[in-house]
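**Student:** Attaching a single structure in structure tokens format; questions to follow.
Number of protein chains: 2
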Amino acid sequence: MSQAKPTILKIGGSVITDKSKEMEVRMDAISRLADEIFEANPKNLIIIHGGGSFGHPLARKYALKEGFKDASQIVGFAETHHVMTVLNGLFMDALIWRGIPAVSIPPSSCALTKNGRIACFEETPLKRLLEMGFTPVLYGDTVLDTELGFTILSGDQLTSFLALRFNAERILIGVDVDGLYDADPKTNVKAKMFEHLSLEELKKTHGLLGGSNGCDVTGGMANKIAELIPAVERGIPVLIVNASKPKYLYKALKGEKVKGTLIEKE
Amino acid sequence: MSQAKPTILKIGGSVITDKSKEMEVRMDAISRLADEIFEANPKNLIIIHGGGSFGHPLARKYALKEGFKDASQIVGFAETHHVMTVLNGLFMDALIWRGIPAVSIPPSSCALTKNGRIACFEETPLKRLLEMGFTPVLYGDTVLDTELGFTILSGDQLTSFLALRFNAERILIGVDVDGLYDADPKTNVKAKMFEHLSLEELKKTHGLLGGSNGCDVTGGMANKIAELIPAVERGIPVLIVNASKPKYLYKALKGEKVKGTLIEKE
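Read top to bottom, the protein sequences are chains A and B.
Per this note's numbering, the first sequence starts with residue 8, numbered consecutively.
Per this note's numbering, the second sequence starts with residue 8, numbered consecutively.
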């Protein structure tokens with residue numbers, strides 16, 4: 008049984024779904040990513056994917072992140088979790104049909120938060136699956152919360168949590184832009200990409216980019232990065248790559264040179 | 008938050024799938040059962056369903072019940088779990104579209120067995136979901152095993168375990184025959200159905216029916232019943248009804264008079 012450090016791969020919801028439409032999956036992207044994961048054949052891999060146009064619109068509609076307010080949200084919670092299992096199922100199909108021994112683990116079955124932060128995580132099944140050579144797959148999900156009743160657990164928080172808990176070798180973040188920019192590259196042609204950031208530079212940059220106060224000039228990326236700071240502090244390198252472009256993720260998994268933003272402690 | 012005793016409803020795989028074909032769902036049965044559950048509107052309900060023609064053929068193909076023997080089973084485990092999530096997803100769809108706040112809990116994420124018997128079950132999410140008014144849904148699943156590596160956890164074992172753990176008010180078993188017979192009613196027209204069995208009668212009958220030695224004359228029912236003996240011993244009544252016939256399950260959920268086999272301690 009292997010005790011090697013795992014790679015944590017987070018795939019953004021914007022890569023595998025079309026966020027401009029409700030419940031619109033990008034099956035071509037899922038198939039290509041499954042091909043790339045199969046070909047790279049990394050050992051000790053944990054995959055986490057986002058909710059994109061499946062989980063997010065319903066979570067907003069029922070205001071699930073803010074917690075339990077009234078009974079109408081109960082069915083909303085069930086519905087939101089269910090559409091996430093549907094998106095996860097499409098991703099699992101693609102992995103398993105290629106012979107990747109992927110096993111899904113819904114966070115709602117094993118995690119409990121306190122005011123939105125993971126307070127309790129039943130790690131035994133995940134740990135043993137990893138040791139036996141399986142590829143555990145988790146996702147942003149509805150979860151129960153000791154203070155709020157329930158809330159949303161983001162794939163980003165889960166990524167950082169699992170990286171710390173399992174002492175990950177590295178974190179790979181697959182998104183639909185080339186890396187972390189000083190402005191939103193989708194709306195600002197002058198946006199400049201960072202190729203390398205130290206923890207100190209990241210913290211400085213993060214403040215300048217507005218990541219900490221919700222006015223995030225990078226198109227949401229800075230807020231996601233904030234979740235990863237504790238993992239970088241622990242010495243776990245984070246590589247952000249464009250998973251919407253062919254072979255970027257493959258190269259990142261193989262440790263080959265690829266365009267992206269590398270964040271390291273020093 | 009309700010602390011009332013739950014009803015445990017087990018729906019057999021032969022009710023919701025066609026066991027004569029591989030991966031053949033009975034969507035008409037699933038839709039009708041979801042209607043009946045919605046109309047009966049029971050409080051504190053935990054649902055468990057079997058694998059039928061989804062999980063069983065693959066579990067046999069890869070000999071998963073016997074535990075880890077070689078690496079080829081690893082993908083088989085992943086595949087078997089995945090097809091169970093597909094069957095579960097079809098059932099969840101039907102429940103949620105009717106407004107039933109159902110949340111699926113894969114046993115592979117929260118249970119661990121030792122030589123095939125549940126050794127560890129992370130019950131917090133299930134317990135809290137129930138308290139908040141959700142309907143947790145579990146199923147027969149592939150699970151990790153401390154001695155065997157992995158194995159199959161049957162919906163029947165899970166039913167008895169959860170009934171004891173949550174001190175259930177009653178157990179309802181929905182099958183595709185009218186109750187427990189003294190022979191297989193599908194092949195023997197002279198088979199006689201038991202309407203009521205005390206624990207003592209059940210134990211005597213169980214021995215006579217061959218339930219304990221694998222040569223089960225009732226078409227598999229006696230072996231399933233064996234799992235439920237500890238729950239009956241604790242005083243939890245078990246009602247076996249035909250869930251393939253319209254309104255039987257509805258009546259059972261409502262506590263109305265319905266044809267079936269009732270097993271009670273005294």
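Ideal placement from N, C-alpha and C gives every residue a C-beta, glycine not left out.
What residue ranges within the region 22-71 of chain B form continuous beta strand (DSSP E) runs of no fewer than 3 residues, ordered along the chain?
**Tutor:** At a cut-off of 3 residues, the continuous stretches assigned as beta strand (DSSP E) that sit fully inside the region 22-71 of chain B are 52-56.
**Student:** If we cut at 8 angstroms on Cβ distances, does residue 256(A) have a partner in chain B?
**Tutor:** At a cut-off of 8 angstroms, the C-beta of residue 256(A) has no neighbouring C-beta in chain B.
**Student:** By Cβ distance, which residues of its chain are closer than 7 angstroms to residue 257(A), with the 5 residues on each side in sequence left out?
**Tutor:** 43, 46 and 47
**Student:** Taking the alpha-carbon of residue 49(A) as reference, which of 22(A), 90(A) and 109(A) has the nearest alpha-carbon?
**Tutor:** Nearest in C-alpha terms to residue 49(A), of all of 22(A), 90(A) and 109(A), is 109(A).
**Student:** Counting pairs of beta carbons, one from the region 227-237 of chain A and one from the region 198-212 of chain A, are three or more of them closer than 8 angstroms?
**Tutor:** yes
**Student:** Between the Cα of residue 146(A) and the Cα atoms of 126(A), 38(A), 259(A) and 167(A), which residue gives the shortest distance?
**Tutor:** 167(A)
**Student:** What does the alpha-carbon distance come out to for the pair residue 106(B) and residue 195(A)?
**Tutor:** 44 angstroms
**Student:** What separation, rounded to the nearest whole angstrom, lies between the Cα atoms of residue 75(B) and residue 180(A)?
**Tutor:** Roughly 33 angstroms separates the two Cα atoms.
**Student:** In chain order, what are the residue ranges of uninterrupted beta strand (DSSP E) at least 3 long that sit wholly in the region 165-193 of chain B?
**Tutor:** Listed in chain order, they are 177-182.
**Student:** Mind listing the chain B neighbours of residue 92(A)? Cutoff is C-beta to C-beta under 9 angstroms, in chain order.
**Tutor:** 92, 95, 96, 99 and 111
**Student:** Which residues, in chain order, does the region 122-133 of chain B contribute to contact with chain A at a C-beta distance below 9 angstroms?
**Tutor:** Of all residues in the region 122-133 of chain B, 127, 129, 131, 132 and 133 have a Cβ within less than 9 angstroms of some Cβ in chain A.
**Student:** Any heavy atom of the ligand GDP inside 7 angstroms of the beta-carbon of residue 114(A)?
**Tutor:** Questions concerning the ligand GDP fall outside what the structure shown contains, since it holds no ligand whatsoever.
**Student:** Assuming residue 23(A) and residue 62(A) form a contact by the criterion Cβ under 8 angstroms, report the distance between their Cβ atoms to the nearest whole angstrom.
**Tutor:** That pair is no contact at about 12 angstroms.
**Student:** Of all the CB atoms in chain B, is at least one closer than 8 angstroms to the CB of residue 108(A)?
**Tutor:** yes
**Student:** For residue 82(A), go through chain B and note every residue whose CB falls closer than 7 angstroms to its CB, in chain order.
**Tutor:** Within chain B, the residues near residue 82(A) are 106 and 108.
**Student:** Would you tell me roughly how many angstroms separate the C-alpha atoms of residue 36(A) and residue 159(A), rounded to the nearest one?
**Tutor:** 25 angstroms
**Student:** Rounding to the nearest angstrom, what Cα-Cα distance links residue 8(A) and residue 260(A) in this structure?
**Tutor:** Legend: pLDDT at residue 8(A) = 45, less than 50; position of this residue unreliable, value from coordinates given subsequently. The straight-line gap from Cα to Cα measures roughly 22 angstroms.
**Student:** Assign residue 153(B) to one of two classes, buried (16 or more other C-beta atoms within 10 Å of its C-beta) or exposed (fewer than that).
**Tutor:** exposed
**Student:** Just how far apart, CA to CA, sit residue 15(A) and residue 161(B)?
**Tutor:** Whole-angstrom Cα-Cα distance: 32 angstroms.
**Student:** Locate the alpha helix (DSSP H) running through residue 107(A), then write down its first and last residues.
**Tutor:** Run containing residue 107(A): none; DSSP gives neither H nor E here.
**Student:** Given that residue 139(B) touches chain A, what residues does it touch there, using C-beta distances under 8 angstroms?
**Tutor:** Residues of chain A passing the Cβ test: 75, 81, 151, 156 and 157.
**Student:** Answer yes or no: does any C-beta atom of chain B fall closer than 8 angstroms to that of residue 4(A)?
**Tutor:** Because chain A is modelled from 8 through 273, residue 4(A) falls outside the range shown and cannot be assessed.
**Student:** Compare the C-beta of residue 9(B) against all C-beta atoms of chain A and say whether one is closer than 8 angstroms.
**Tutor:** With a pLDDT of only 47 at residue 9(B), under the threshold of 50, the placement of this residue in the model should not be trusted; the figure read from the coordinates follows. No, residue 9(B) does not count as interfacial toward chain A.
**Student:** So the alpha helix (DSSP H) residue 236(A) belongs to, where does it begin and stop?
**Tutor:** 228-240
**Student:** Can you find the residues in the same chain that come closer than 7 angstroms, C-beta to C-beta, to residue 85(A), ignoring five residues on each side of it along the sequence?
**Tutor:** none
**Student:** Hey, how far is the Cα of residue 175(B) from the Cα of residue 250(B)?
**Tutor:** 20 angstroms
**Student:** Applying a beta-carbon distance threshold of less than 7 angstroms, which residues of chain B neighbour residue 85(A)?
**Tutor:** Residues of chain B passing the Cβ test: 103, 108, 109, 110 and 141.
**Student:** For chain A, check one thing: does any of its Cβ atoms lie closer than 8 angstroms to the Cβ of residue 136(B)?
**Tutor:** yes
**Student:** For a test of the three-state rule: what should DSSP assign to residue 128(B), helix, strand or coil?
**Tutor:** Assigned with DSSP and collapsed to three states, residue 128(B) falls in strand.
**Student:** Relative to the alpha-carbon of residue 148(A), which residue among 133(A), 101(A), 115(A) and 188(A) has its alpha-carbon at the smallest distance?
**Tutor:** 115(A)
**Student:** For residue 189(B), which of 155(B), 207(B), 206(B) and 226(B) has the nearest alpha-carbon?
**Tutor:** 226(B)
**Student:** Using C-beta distances below 6 angstroms, list every residue in its chain close to residue 203(A), excluding the 5 sequence neighbours before and after it, in chain order.
**Tutor:** 269
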